[in-house]
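Undergrad:
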Amino acid sequence: MKHKGKISGLLLGNTVAVTEWIALQDVITKLDSRSFYTVFIIYILQMILSYYFGHWYDKRASRSMDTEVGGMASNNFVVDFFEKVAALSERDSHNITVYILSMKEWKELKETVQEKKLEVLVQKLESTIVQTIRKGDVVTRWDENKYVIVAIDNGHEKSTITNRLMKSIESEIENGLLSITLLFGAASYPIEGKTFEELLRKAQNQLYQHRDL
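Per full-length UniProt numbering, the sequence shown starts with residue 1, numbered consecutively.
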């Protein structure tokens, strides 16, 4: 539930307030209007604090949902991450690169490899990608056979990320007696585009060109 923390916080705050009212009912009924107003203000402050801590819980829960098992981020998180770092990059000289990665033999693997073995292959692929990219970069499984990485670097032409990924992934997968060909595409902000969608489209076009070679 998206607002679980806020709802729980307000319910808890009201429960505490009702308990206090019942316990102090005799005292409260004898208060003059000014004192009663003070008690009412305290109640409002309790509700505000309950809402605040509930909101804090919801934010923490939302962040944990954005990073899935194995370190893969959600698609929405990656898009939001790009927009934030793109705004910050205007203050320095860094580029932001959108990389896309896929397996050339994916269709054949689905047809010839057992489902459980294919799941193991995908898990190895994903864990290796997460371990290979830098801590400041993010990756998501964009669709069935596409992984999108957003990296803060000096542009994909100067970056070593594709070579590092290729070396790490092929080494890990070959240990499982499977041979795969990795395909990459990349486009850098702000040279090749200003929006995530534009850069992703250019990176995908580059990927498709490599696939057709």
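Backbone N, C-alpha and C define an ideal beta-carbon position, used for all residues, glycine too.
#1: Quick one: what does DSSP say N95 is sitting in, helix, strand or coil?
#2: To the nearest angstrom, report how far apart L49 and V78 are at their CA atoms.
#3: Is DSSP giving residue 223 helix, strand or coil here?
#4: What residues in its chain sit with their C-beta under 6 Å from that of L200, if we drop five residues either side in the sequence?
#5: Let me know the secondary structure DSSP gives I100 once reduced to three states.
#6: Within this structure, are the beta carbons of L125 and I161 separated by less than 8 Å?
#7: T132 and N75 look like a contact to me (Cβ under 8 Å); what is the Cβ gap, rounded to whole Å?
#8: Using the Cα positions of W142 and T38, report the straight-line distance between them to the nearest angstrom.
#9: In the DSSP assignment, find the alpha helix (DSSP H) that holds L183 and state where it starts and stops.
#10: With a Cβ-Cβ cutoff of 8 Å, do K107 and L183 count as a contact?
#11: Looking at the unbroken beta strand (DSSP E) that takes in T112, where does it start and where does it end?
#12: With H, G and I counted as helix, E and B as strand and the rest as coil, what does DSSP make of T195?
#13: Exposed or buried, which one is Y208 when buried takes at least 16 other CB atoms within 10 Å?
#14: Based on DSSP bridge pairs, tell me the residues matched to A151.
#15: Under 8 Å between C-beta atoms, does F81 make it to chain D?
#16: Buried or exposed: where does V69 fall if 16 or more other Cβ atoms within 10 Å of its Cβ makes it buried?
#17: Note down, in chain order, each residue of its chain lying with its Cβ closer than 6 Å to the Cβ of H210, except the 5 sequence neighbours on either side.
#18: According to DSSP, D143 sits in a beta bridge with which residue or residues?
#19: By how many angstroms is the C-alpha of I100 removed from the C-alpha of A203?
TA: In short, the structure shows the following:
#1: For the purposes of this step, residue 95 is taken as the residue at position 95 of the sequence shown. In the three-state scheme derived from DSSP, where H, G and I count as helix and E and B as strand, N95 is classed as strand.
#2: Along the sequence shown, one-based indexing puts residue 49 at 49. Along the sequence shown, one-based indexing puts residue 78 at 78. Distance between the alpha carbons of L49 and V78: 32 Å.
#3: Since the first residue of the chain shown is 1 and the last is 213, residue 223 is not available in this structure.
#4: Along the sequence shown, one-based indexing puts residue 200 at 200. Excluding the 5 residues flanking it on each side, L200 has same chain C-beta neighbours closer than 6 Å at V98, in chain order.
#5: Within the sequence shown, residue 100 is the residue found at index 100, counting from 1. It is a strand residue.
#6: Locating residue 125 in the sequence shown gives position 125, where the first residue counts as 1. Locating residue 161 in the sequence shown gives position 161, where the first residue counts as 1. Their beta carbons are not under 8 Å apart, which means L125 does not touch I161 by this criterion.
#7: As a position in the sequence shown, residue 132 is number 132, starting the count at 1. As a position in the sequence shown, residue 75 is number 75, starting the count at 1. About 20 Å; that fails the 8 Å criterion.
#8: The residue given as residue 142 occupies position 142 in the sequence shown. The residue given as residue 38 occupies position 38 in the sequence shown. So the alpha carbons of these two residues sit roughly 55 Å apart.
#9: Residue 183 sits at position 183 when you count from the first residue of the sequence shown. According to the DSSP assignment, L183 belongs to no alpha helix (DSSP H) but to the beta strand (DSSP E) extending over 182–189.
#10: Within the sequence shown, the letter at position 107 stands for residue 107. Within the sequence shown, the letter at position 183 stands for residue 183. No.
#11: Translated into positions along the sequence shown, residue 112 becomes position 112. No beta strand (DSSP E) holds T112; the alpha helix (DSSP H) holding it covers 106–112.
#12: Within the sequence shown, residue 195 is the residue found at index 195, counting from 1. DSSP places T195 in coil when its eight states are reduced to three.
#13: If you number the sequence shown from 1, residue 208 lands on position 208. Looking at its Cβ environment, which holds fewer than 16 other Cβ atoms inside 10 Å, Y208 is exposed.
#14: Residue 151 sits at position 151 when you count from the first residue of the sequence shown. Partner(s): T97.
#15: No chain D is part of this structure, which consists of one protein chain only.
#16: Here residue 69 refers to the residue found at position 69 of the sequence shown. In this predicted model, V69 has a pLDDT of only 43, less than 50, meaning its place in the structure is not dependable enough to derive any value.
#17: In the sequence shown, counting from the first residue as 1, residue 210 sits at position 210. Cβ within range, chain order: L183.
#18: Stepping through the sequence shown from its first residue, residue 143 is reached at position 143. DSSP, once it has assigned bridges, lists K146 as partnering D143.
#19: Translated into the one-based positions of the sequence shown, residue 203 becomes position 203. Translated into the one-based positions of the sequence shown, residue 100 becomes position 100. Computed Cα separation, rounded: 6 Å.
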